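*Asks:* Dropping the structure in here first, questions after.
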Amino acid sequence: MTTPPGADDRPTVHVHTEPMPTADPHTVRGGPHQPMLLADEFFMLAHDDQTGRPRLHDSATNYGLAAALLAELGAAGRIHFNRGQLVVQDHRPPEDWLQHMVLARLIAEPQHTATRTWLAYLSATAHEQVATRLWQGGKVVPTQSRRLFRTTTIHVPTDINVAAWSWARLSQKLRRHEHLKPFDLALAGIARSVRLDQFILDGAPLSVSAHLRRLLEAAPPPMRDLLADLDTAIGSAVLSHRT
Amino acid sequence: MSQSHPDTVSAVLARGRLGIPAVIFFVVAAAAPLTVVAGGATTGYAVTGVVGIPVSYLVVAAVLALFSVGYVAMSRRIVNAGAFYAFVTRGLGRPAGVATAMIAVVAYNAMQIGLYGGFGAVLSQYLNDRGWDTTWWLCALAAWAAVAVLGVLRIDLNGKVLAFMLIGEFVVALIYDVVMVSHPADGIKFDTLAPSHILATGIGAALVTAITGFVGFEGTVVFSEETKDPKRTVPRATYIAVAITGLLYGASAWAMSVATGPDKIVEAASTDGTDLIFNLVSPHLGSSFITVGRVLFITSLFAALLSFHHTVARYLFALGRERVLPAMLGRTSLRTGAPKAGSIVQSVVALGVLVGYAIADADPIVHLFFWITVTGGLGVLVLMTVTSASVIAFFARTANSDGPWRTKIAPVLATLALGAILTVTIQQFDTLLGVESTSPLRWAFPAAYAVAALVGLMWAGVLRSSRPAVYRAIGLGAESATAPIRTPDPVRQPA
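Protein sequence lines correspond, in order, to chains W and G. Its first residue numbered 783, the first sequence is counted upward by one per residue in my numbering. Its first residue numbered 13, the second sequence is counted upward by one per residue in my numbering.
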């Protein structure tokens, strides 16, 4: 159970030494050994690996998840990002139901081409959808949580090592100044846009942030394009915040 | 082409969009009407000794409405429209933009910090009247602590709370006005509304006092991307906000002069200070009406403090994002998304000023509240004058179909009017401060903006030669993230 899913080439890391919570066999559908998708990993990154409580404020999480969903389609060759516009290249439905659903919307409403528009649209629903996908994969269990008269649903990871794997991997690779594969680069880029790099690189020397910055500056143009739009969306949300 | 496709995207994005009333509530609450009526107008009479305060409010409302015509039209065509320096960058170039940004940072800080003096003085007096023994700076520091915490937590006053407070303030002010006008000292006289005051000595002081009362209305354009119909909602909300606050301020300042008699208003304001309006109505109203008014005065000051704090924090955030100021200022809090660094910087500056005033034992109302907020008002006047000129320059170069009234006539008239007010204000700054005409203070306050502008110009020069990528992104705010990989397109098609 400590070997992260879909990671033959990844070193095994034991990030927590305490006994692992055992997943309820009834809630595990699909099994925790299915490969994690980008939005799944970002979801794990944005929430506490033990309690499932958010590490980030809502709008950053939602925008980050929206960008991760688009990046999944980008990596699958279905869409392309160019100068703030999103172009559908391949109409074939992806295997994953959530990717399928997102792509279907993109195809059905071609009048909207701006990446910013799609980020805003997907951010409205991404949290629930990705949480559902993770639940179906047996990676989280929705739990009611009462805090200050409000009942909220938090998604508690079934396996703390799976949940902690994303940040542990990124943290280690970056601290060792290693090169990142496209998947990890996208994850690190989205994390940086939502400022989760503060968390992943906590206590690391400044040269590590500089390494990440250099990696992202050398990222493929479509990925940089998507990340720039994510940055802008998050910055604008700060500027026009109201309650 | 869009007819044949479903449009769930637009439907989802339209959720929670703002209408005209919501936008008005947000910006008028920042202007804090009861603060202006009970604090700004009375102190304005007392410090400047000018009786033309009421007509000044009306004149300024008219000028600002004129200014808004071009301002709103241009706001739909640029990115980062929440900040004056974005207009100036697009209209008059990047060096002028950075200079404007520096002026804005000083001006909004001054507005915010000056309000602490008003809050501290008013709250401590309220508490002392009820048997406490406190000082203005203790109360100001309590407010400071609350604002510093709320700023980092990114807690703004809830829209419903603001609306409730705002309506309360309007109702109280209007009741007071009716009471004052129905109990005139020597008949209802319109002396203080006479347009001849516009040409009287000291009018510059009165006009900038009036402008200070409106600061905050310019925030309507921040909401343009969040309104149901930006083309309609933002302009209307702006004009309505200017009109209703202008009428309320003018009417209330006039009503006070009726209740004291126009010849005695300056003297009465000097004696009673911010108590004037409450003292004038208390013989004719139940004590609960007075208490409600005093409490709303305090909450209104606090709402303004918090609102200007957020404004400064966001300015610093936008400038940090552009890397015009240190990138650290562009950092946000992980858990709350607050522009944390900007918020902390503002709080530290405010604390320094407060401690300085407390040690120097300066008067919180005259030396802190009035002097510093009108200095902030002067800065915003500079910003609006330069912005208005930028509107003319921008539309002269940009193809548009907005017609000559919005792109030429109104902006030219507004620039001339604002420029004239600015000139007389600086000429008469001694009257505004209530100091001798030989006092170096009369130059010290305006000089702060000259220094800020100069620093901005020089910094722009440094950026151009040493960090061209940053220089290119000036004025883009959050949008600057896209500058390194795309040619920045600061001009957008109007929504």
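Glycine included, every Cβ here is placed at the ideal spot set by N, Cα and C. Computed from a predicted model, the values in this text were never measured in an experiment.
Once DSSP output is grouped into helix, strand and coil, what is the label at N140/G?
*Replies:* Residue state, collapsed to three classes: helix.
*Asks:* Quick one, which of L428/G, I125/G, T250/G and A58/G has its alpha-carbon nearest G446/G's?
*Replies:* Here the closest residue by C-alpha is A58/G.
*Asks:* Using DSSP with H/G/I as helix, E/B as strand and the rest coil, what is P18/G?
*Replies:* Coil, per DSSP.
*Asks:* Under 8 Å by Cβ, that's how I've got V424/G and A119/G pegged, so tell me the actual separation to the nearest angstrom.
*Replies:* That belief does not hold up - the Cβ atoms of V424/G and A119/G are roughly 24 Å apart, past 8 Å.
*Asks:* Looking at C-alpha atoms only, which residue of P836/W, F824/W and L819/W is the closest neighbour of H937/W?
*Replies:* The shortest C-alpha separation from H937/W is found at P836/W.
*Asks:* Could you check if K243/G is buried or exposed, using at least 16 other CB atoms within 10 Å of its CB as the buried criterion?
*Replies:* When all chains shown are included, K243/G counts as exposed.
*Asks:* Quick check on F441/G: does DSSP put it in helix, strand or coil?
*Replies:* The answer is helix: DSSP assigns F441/G an H, G or I state.
*Asks:* Let me know if W144/G comes out buried or exposed under the rule of 16 or more other beta-carbons within 10 Å of its beta-carbon.
*Replies:* Classification for W144/G: exposed.
*Asks:* Helix or strand or just coil, what does DSSP make of R928/W?
*Replies:* Reduced to three states, the DSSP call for R928/W is strand.
*Asks:* Looking only at its own chain, which residues have a Cβ that is under 6 Å from the Cβ of S312/G, when we skip the five neighbours before and after it?
*Replies:* Excluding sequence neighbours, S312/G sits near A44, L46, T47 and E181.
*Asks:* Taking buried to mean at least 16 other C-beta atoms within 10 Å of its own C-beta, is I861/W buried or exposed?
*Replies:* Label assigned to I861/W: buried.
*Asks:* Start and end of the alpha helix (DSSP H) containing Q358/G?
*Replies:* Residues K352 to A372.
*Asks:* Is any heavy atom in the ligand GTP found nearer than 6 Å to the beta carbon of G866/W?
*Replies:* Inclusion of the ligand GTP in the displayed structure is not the case, the ligand content being empty and no account of it being possible.
*Asks:* For the alpha helix (DSSP H) containing Q893/W, name the first residue and the last one.
*Replies:* Note, Q893/W: premise wrong, no alpha helix (DSSP H); not H, not E.
*Asks:* Please confirm whether E910/W has its beta-carbon closer than 7 Å to some beta-carbon of chain G.
*Replies:* Chain G contact via Cβ: absent.
*Asks:* Could you pull the DSSP bridge partners for I125/G from this structure?
*Replies:* Per DSSP, none; premise fails for I125/G.
*Asks:* On a CA-only basis, which of T427/G, L428/G and W455/G is nearest Q440/G? Give me that one, please.
*Replies:* Of T427/G, L428/G and W455/G, the residue nearest in Cα terms is W455/G.
*Asks:* My guess is that T272/G and G52/G are in contact by the Cβ rule of under 8 Å, so how many angstroms apart are they, rounded?
*Replies:* About 17 Å separates the two Cβ atoms, so there is no contact after all.
*Asks:* Starting from V234/G, find everything on chain W with Cβ-Cβ shorter than 8 Å and list it in chain order.
*Replies:* Simply L1021 and S1022.
*Asks:* Apart from the five residues on each side of it in sequence, which residues of its chain come closer than 6 Å, Cβ to Cβ, to T146/G?
*Replies:* So the list reads S136 and L139, once near-sequence residues are dropped.
*Asks:* Please state the DSSP three-state secondary structure of G812/W.
*Replies:* Because G812/W carries a pLDDT of 42, less than 50, the predicted location of this residue cannot be relied on, and the following value inherits that uncertainty. Coil at G812/W, not helix or strand.
*Asks:* Using 7 Å as the threshold, is the C-beta distance between A316/G and L127/G below it?
*Replies:* Contact flag set, yes.
*Asks:* Using C-beta distances below 7 Å, list every residue in its chain close to G812/W, excluding the 5 sequence neighbours before and after it, in chain order.
*Replies:* In this predicted model, G812/W has a pLDDT of only 42, less than 50, meaning its place in the structure is not dependable; the value taken from the coordinates is given anyway. Only Q918, G919 and G920 meet the Cβ criterion.
*Asks:* Would H17/G count as contacting chain W if we go by Cβ distances under 7 Å?
*Replies:* Cβ-Cβ to chain W under 7 Å: yes for H17/G.
*Asks:* Spell out whether any CB of chain G is found under 7 Å from the CB atom of L997/W.
*Replies:* Closer than 7 Å: no.
*Asks:* When burial is assigned at 16 or more other CB atoms within 10 Å of the CB, is V360/G buried or exposed?
*Replies:* Result: exposed.
*Asks:* Hey, A95/G and S87/G: beta-carbon distance below 7 Å or not?
*Replies:* In this structure, S87/G does not lie closer than 7 Å to A95/G by Cβ.
*Asks:* For S841/W, go through chain G and note every residue whose CB falls closer than 8 Å to its CB, in chain order.
*Replies:* Those are G349, listed as they occur along chain G.
*Asks:* Got a sec, what are the start and stop residues for the alpha helix (DSSP H) I310/G sits in?
*Replies:* Counting along the chain, the alpha helix (DSSP H) containing I310/G begins and ends at S299 to E334.
*Asks:* Just to confirm the assignment: which complete beta strand (DSSP E) runs, minimum length 3, are found wholly within the stretch 842 to 919 of chain W?
*Replies:* Taking only runs of at least 3 residues, the beta strand (DSSP E) segments lying wholly in the stretch 842 to 919 of chain W are 861 to 864 and 867 to 870.
*Asks:* Taking only three categories from DSSP, how would you classify I486/G?
*Replies:* Reduced to three states, the DSSP call for I486/G is coil.
*Asks:* Unbroken alpha helix (DSSP H) runs of length 4 or more, entirely within the stretch 375 to 453 of chain G: which are they?
*Replies:* Qualifying alpha helix (DSSP H) stretches, in chain order: 383 to 409, 422 to 439 and 441 to 445.
*Asks:* Under three-state DSSP, which class holds P807/W?
*Replies:* Residue placement at P807/W cannot be trusted, given a pLDDT of 37 that sits under 50; the coordinates are not used to answer.
*Asks:* Identify, in the order they occur along the chain, each residue of the same chain with its Cβ nearer than 8 Å to the Cβ of L998/W, setting aside the five sequence neighbours on each side.
*Replies:* The residues are L967, A970, G971, R974, R1006 and L1009.
*Asks:* Go to G267/G, then tell me how far its alpha helix (DSSP H) extends in each direction, as first and last residue.
*Replies:* Per the sequence shown, the amino acid found at residue 267/G is Ala instead of Gly. P242 to T272 is the span of the alpha helix (DSSP H), which, as asked, contains A267/G.
*Asks:* Could you spell out the range, first to last residue, of the alpha helix (DSSP H) harbouring F824/W?
*Replies:* Residues L820 to A828.
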